[in-house]
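S.K.: Residue numbers (this note's numbering), protein chains in the order written: chain E, 46 to 427; chain C, 46 to 427.
Number of protein chains: 2
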Amino acid sequence: MQDKLTLMIPGPTPVPESVLTALGRHPIGHRSSEFQEIIKKTSSQLKWLHQTTNDVLTITGSGTAAMEAGIINTLSKGDKVICGDNGKFGQRWVKVAKAYGLNVQVVKAEWGKALNPNEIKEILEKDTEKEIKAVIFTHSETSTGVLNDLETISKHIRAHKQALSIVDCVTSLGACDVPMDKWNLDVIASGSQKGYMIPPGLSFVAMSERAWTAQKTSNLPKFYLDLSPYQKTIKNDSSPFTPSVNLYFALEKSLDMMQKESLNSIFERHKRHKKAIQAAMKAIKMPLFAEEENSSPAITAIAPTNIDAEVIRKHIKEKYDILLAGGQDHLKGKVFRIGHLGFVNDRDIITVISAIEATLHSMGITNSPIGSGINAASDILS
Amino acid sequence: MQDKLTLMIPGPTPVPESVLTALGRHPIGHRSSEFQEIIKKTSSQLKWLHQTTNDVLTITGSGTAAMEAGIINTLSKGDKVICGDNGKFGQRWVKVAKAYGLNVQVVKAEWGKALNPNEIKEILEKDTEKEIKAVIFTHSETSTGVLNDLETISKHIRAHKQALSIVDCVTSLGACDVPMDKWNLDVIASGSQKGYMIPPGLSFVAMSERAWTAQKTSNLPKFYLDLSPYQKTIKNDSSPFTPSVNLYFALEKSLDMMQKESLNSIFERHKRHKKAIQAAMKAIKMPLFAEEENSSPAITAIAPTNIDAEVIRKHIKEKYDILLAGGQDHLKGKVFRIGHLGFVNDRDIITVISAIEATLHSMGITNSPIGSGINAASDILS
Chain E
46 MQDKLTLMIP GPTPVPESVL TALGRHPIGH RSSEFQEIIK KTSSQLKWLH QTTNDVLTIT
106 GSGTAAMEAG IINTLSKGDK VICGDNGKFG QRWVKVAKAY GLNVQVVKAE WGKALNPNEI
166 KEILEKDTEK EIKAVIFTHS ETSTGVLNDL ETISKHIRAH KQALSIVDCV TSLGACDVPM
226 DKWNLDVIAS GSQKGYMIPP GLSFVAMSER AWTAQKTSNL PKFYLDLSPY QKTIKNDSSP
286 FTPSVNLYFA LEKSLDMMQK ESLNSIFERH KRHKKAIQAA MKAIKMPLFA EEENSSPAIT
346 AIAPTNIDAE VIRKHIKEKY DILLAGGQDH LKGKVFRIGH LGFVNDRDII TVISAIEATL
406 HSMGITNSPI GSGINAASDI LS
Chain C
46 MQDKLTLMIP GPTPVPESVL TALGRHPIGH RSSEFQEIIK KTSSQLKWLH QTTNDVLTIT
106 GSGTAAMEAG IINTLSKGDK VICGDNGKFG QRWVKVAKAY GLNVQVVKAE WGKALNPNEI
166 KEILEKDTEK EIKAVIFTHS ETSTGVLNDL ETISKHIRAH KQALSIVDCV TSLGACDVPM
226 DKWNLDVIAS GSQKGYMIPP GLSFVAMSER AWTAQKTSNL PKFYLDLSPY QKTIKNDSSP
286 FTPSVNLYFA LEKSLDMMQK ESLNSIFERH KRHKKAIQAA MKAIKMPLFA EEENSSPAIT
346 AIAPTNIDAE VIRKHIKEKY DILLAGGQDH LKGKVFRIGH LGFVNDRDII TVISAIEATL
406 HSMGITNSPI GSGINAASDI LS
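#1: What is the DSSP secondary structure of residue 388 (chain E), counted as helix, strand or coil?
#2: Hey, quick one: how far does the beta strand (DSSP E) through residue 347 (chain C) stretch, first residue to last?
#3: In the stretch 109-125 of chain C, which residues sit with their C-beta less than 7 Å from some C-beta in chain E, listed in chain order?
#4: Let me make sure I understand the geometry here. Which of C:161, C:413 and C:130 has the alpha-carbon closest to that of residue 325 (chain C)?
#5: Listing by chain order, which chain C residues have their CB less than 8 Å from the CB of residue 72 (chain E)?
#6: What residues in the stretch 276-309 of chain E have a beta carbon less than 8 Å from any beta carbon of chain C?
#7: What does residue 53 (chain C) pair with, by DSSP beta-bridge criteria?
#8: Which residue from C:124, C:244 and C:349 puts its Cα closest to that of residue 174 (chain C)?
#9: Smallest Cα separation from residue 322 (chain E): which of E:84, E:386 and E:216?
#10: Can you name the residues of chain C whose CB is closer than 8 Å to the CB of residue 144 (chain E)?
#11: Throw me the rounded Cβ distance for the residue 341 (chain C) and residue 135 (chain C) pair, which I believe falls under 8 Å.
#12: Quick check on the DSSP output: the beta strand (DSSP E) that includes residue 130 (chain E) runs from which residue to which?
#13: Check the Cβ-Cβ distances between residue 212 (chain E) and every residue of chain C, and say whether any is below 9 Å.
#14: Is any beta-carbon of chain C found at less than 9 Å from that of residue 91 (chain E)?
#15: If I'm right that residue 352 (chain E) touches residue 410 (chain E) with Cβ under 8 Å, what's the distance once you round it to whole angstroms?
#16: Kindly indicate the opening and closing residues of the beta strand (DSSP E) around residue 252 (chain E).
#17: Taking only three categories from DSSP, how would you classify residue 238 (chain E)?
#18: Residues of chain C with CB closer than 9 Å to the CB of residue 141 (chain E), please, in chain order.
#19: For the stretch 159-203 of chain C, which segments carrying the alpha helix (DSSP H) assignment without a break, of at least 4 residues, lie completely within its bounds, in sequence order?
#20: Looking at C-alpha atoms only, which residue of E:52, E:345 and E:250 is the closest neighbour of residue 97 (chain E)?
#21: Since residue 236 (chain E) contacts residue 220 (chain E) with CB under 8 Å, what's their CB separation in whole angstroms?
#22: Quick one: does residue 179 (chain C) have its CB under 9 Å from some CB of chain E?
#23: Rounded to whole angstroms, what's the CA-CA distance from residue 422 (chain C) to residue 228 (chain C)? Just pull it up for me.
#24: Shortest alpha-carbon distance to residue 441 (chain C) belongs to which of C:418, C:339, C:188 and C:275?
#25: So what does residue 382 (chain E) bridge to, in DSSP terms?
#26: Chain E partners of residue 69 (chain C), CB-CB under 8 Å?
#27: Taking 9 Å as the cut-off, decide whether the C-beta atoms of residue 361 (chain C) and residue 335 (chain C) are in contact.
#28: With distances taken from CA atoms, which of E:289, E:389 and E:50 is nearest residue 312 (chain E)?
#29: What does the alpha-carbon distance come out to for the pair residue 427 (chain E) and residue 320 (chain E)?
#30: Hey, residue 139 (chain E) and residue 130 (chain E): beta-carbon distance below 9 Å or not?
#31: For residue 203 (chain C), I'd like the list of residues in its chain whose CB is within less than 7 Å of its CB, leaving aside the five on either flank, ordered along the chain.
#32: Are the stretch 47-62 of chain E and the stretch 258-267 of chain E in contact at 8 Å, needing three or more beta carbon pairs?
#33: Assuming residue 435 (chain E) contacts residue 276 (chain E) (C-beta within less than 8 Å), just tell me the rounded distance between them.
#34: Could you work out which residues of chain D lie near residue 77 (chain E), taking near to mean beta carbons separated by less than 8 Å?
#35: Please report the Cβ distance between residue 299 (chain E) and residue 225 (chain E), rounded to the nearest whole angstrom; I am assuming they are in contact, meaning their Cβ atoms lie under 8 Å.
#36: Can you tell me which of the three DSSP states residue 424 (chain C) falls into?
Okay, here's the thing in structure tokens:
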């Protein structure tokens, strides 16, 4: 039904009506005092969200732009780095690092499994010459629904004393705890169309004092993604290039909502939704793709057996107007992914489970009595 | 008066209500067939606007990002380039070129004056070894209101046979004629918050076949601004990174409006408005900063004598709720700038002239009878 589609993909995520209304306001001058007030307020709100005293810089661009900025502002040509690769986005950071002539050692885990923190620990411990300048990896792997153990990996990185952590938190920030200062994280990148509950177009990068020290000697060429003028101008509640003014209006409104809900409530909500979906899928014998002990609170990938995942996904879109994500690269047709991050409530969760149950039922590909998924989910939700 | 402000700065420019409504729609999946339709349609509309058969690529970022993309996709380290510098944006492209290790020869003109095409011609003619790989410059210099002679400079570049033209058309595209194919332009960069009549956040870059040939051997490091995946994905009506979905909704709507008005009518309207403002300023003895024969149809800079331009600008904002732009860098306090590009009608023009006249009158800094500016403008407008 036209205009009735609901998004349950891992971005763009659903946007609250009040945020859309803010988005649709007439723009104002980006050098005006009125806009400075918005930068000032959102800067402070972003620090709250990142649980940090570091500046959080806003870039007009996608999450990839923010992650690239983190990499190219802190490293120099030929620097040795470790890249964690256990999914499409981990792979992407390997590509970025190689594009800039970094010396990349890849640490892999199978798609659907988490990076092994001990493997990273051992490599770092063996590096007595302190040649490794950074460990680059994703927190929540959007392509598989795996949550890597950021806290433990960060501890190993800190023990090395030289290497920086550069972390893709695109689908974890605003969905689960990412306490930048407490965990001593160096670079965190994220994007607006995820936990932030606003449309795509803005991305965010926060850097620790250690990262800023590295930035001073970084020699990789850059201009639009050079964070130095962003850092300088944010001190005056300004920005180096014309920012995406209307997305700032939306950002201010969504961060207001997030602050009202509180970080803990947001994290609990995401955890509850993940568990409800997992319980439901187990009840209807739909295999979870990611290992449960390392599953992301933002995305759940389902790997149906004996049927193309795309057939289920398309039916759910056409019949029930719910957009789920497909599998990427070699997972195409093997999994479908439920995005449950951002502006998602318990109703959305039972809705998507119902739609999956009804779809499987109509296709005759489940032996579980219809309703068993909802029943299992409802035990978690209540 | 709150929310009554009108923008007459050179970006963000006024946005039509129907475009804002489109902007405030709920986002859709950026990999959906519905979004592919929008990319397909806007791609075709963008070709119309650029008067080209080349692909026009859309980047989520500011105009600077698009211009940087044009430079770093077509050149290699150490390449010799000419940069035209007759204002803040010309200066910026010098900085970008230097940041990437290009060998830059700067051709200057005083702020307020146009680049001398003959100077560029002579340098190109002397380069018998064909070492010069590009000429980088602005068409409409937003900081001064000067329009450089793109057609003539492009002719000289083509006569050289090796060098590419890389042109900042941020405030000229959609305001005056920029026929990419007819003038044999190689790289054109522009931004959404200008003639496009939508808020900031998208930028555009179009490249000729010659530029794409150069792109194949370009060795400057890049990832987010690497145009190769943009070119590849646009063939499938897609994009390499999550695009600013809602700004595409706005773009589609504004390009519909522009097509309805027609290119010639848009250009005539901008020319008429420029002439009306120039005539009015002459009538009230307010000096025009840019030389009239090379003045931009998008921005007029006024250089009041014996009074800080900021005093006038602030009074017009506070008393009449019209936002004008100040002078940049050494022009701060020396000029104020009237943006008259994009969604601007004759009413806006007489309004801003009235506000300037009334302001000067109330400050006792004009000898012209009040109304003489409007009178002169009205002769042009009617």
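Where a beta carbon is used, it is the ideal one built from N, C-alpha and C, also for glycine.
Since the structure is predicted, the reported quantities are computational estimates derived from the model, not experimental observations.
M.R.: Straight from the coordinates:
#1: In the structure shown, residue 388 (chain E) falls within a coil segment according to DSSP collapsed to helix, strand and coil.
#2: From DSSP, the beta strand (DSSP E) with residue 347 (chain C) extends over 344-347.
#3: If you check each beta-carbon in the stretch 109-125 of chain C against every beta-carbon of chain E, the ones closer than 7 Å belong to 109, 110 and 113.
#4: It is C:413 whose Cα lies nearest to the Cα of residue 325 (chain C).
#5: Counting only Cβ-Cβ distances below 8 Å, residue 72 (chain E) has contacts in chain C at 52, 57, 60, 238, 244 and 245, in chain order.
#6: The residues in question are 286, 287, 288, 289, 290, 291 and 292.
#7: In the DSSP output, where bridge partners are listed per residue, residue 53 (chain C) has C:369.
#8: Selection C:124, C:244 and C:349 evaluated against residue 174 (chain C) yields C:124 as nearest (Cα-Cα).
#9: For the residues E:84, E:386 and E:216, the minimum Cα distance to residue 322 (chain E) belongs to E:386.
#10: By Cβ distance, chain C contributes 266, 267, 268 and 271.
#11: Between the beta-carbon of residue 341 (chain C) and that of residue 135 (chain C) there is about 13 Å, and that puts the pair past the 8 Å contact cut.
#12: Segment 125-130, the beta strand (DSSP E) holding residue 130 (chain E).
#13: Residue-level contact check: residue 212 (chain E) does not touch chain C, since none of the beta carbons of chain C fall below 9 Å from its beta carbon.
#14: Answer no: the Cβ-Cβ gap between residue 91 (chain E) and chain C never drops below 9 Å.
#15: About 6 Å separates the two Cβ atoms, so the contact holds.
#16: Segment 247-252, the beta strand (DSSP E) holding residue 252 (chain E).
#17: Assigned with DSSP and collapsed to three states, residue 238 (chain E) falls in coil, not helix or strand.
#18: 268 and 269, listed in chain order.
#19: Residue ranges of uninterrupted alpha helix (DSSP H) with 4 or more members, entirely inside the stretch 159-203 of chain C and ordered along the chain, are 162-171.
#20: The candidate whose alpha carbon is nearest that of residue 97 (chain E) is E:250.
#21: About 12 Å separates the beta carbon of residue 236 (chain E) from that of residue 220 (chain E), a gap too long to meet the 8 Å contact definition.
#22: No - not a single Cβ of chain E is within 9 Å of the one on residue 179 (chain C).
#23: Using only the alpha carbons, I get a separation of about 32 Å.
#24: Outside the shown range of chain C, which is 46 to 427, sits residue 441 (chain C), and nothing can be said about it.
#25: According to DSSP, residue 382 (chain E) shares a beta bridge with E:346 and E:370.
#26: Near residue 69 (chain C) (Cβ distances below 8 Å), the residues of chain E are 65, 66, 68 and 69.
#27: No, the Cβ-Cβ distance between residue 361 (chain C) and residue 335 (chain C) is not below 9 Å.
#28: That would be E:389, whose Cα lies nearest to the Cα of residue 312 (chain E).
#29: Cα to Cα, residue 427 (chain E) sits roughly 12 Å from residue 320 (chain E).
#30: Yes, Cβ-Cβ distance for residue 139 (chain E) and residue 130 (chain E) is below 9 Å.
#31: If we look at residue 203 (chain C) and ignore the five residues flanking it on each side, its Cβ neighbours are 229.
#32: No, they do not touch.
#33: Only positions 46 to 427 of chain E appear in this structure, which leaves residue 435 (chain E) out of reach.
#34: Within the model displayed, chain D is absent; protein chains E and C are what it includes.
#35: Distance from residue 299 (chain E) to residue 225 (chain E) at the Cβ level is roughly 19 Å; contact not present, criterion being Cβ atoms closer than 8 Å.
#36: Secondary structure at residue 424 (chain C): helix, using DSSP grouped into helix, strand and coil.
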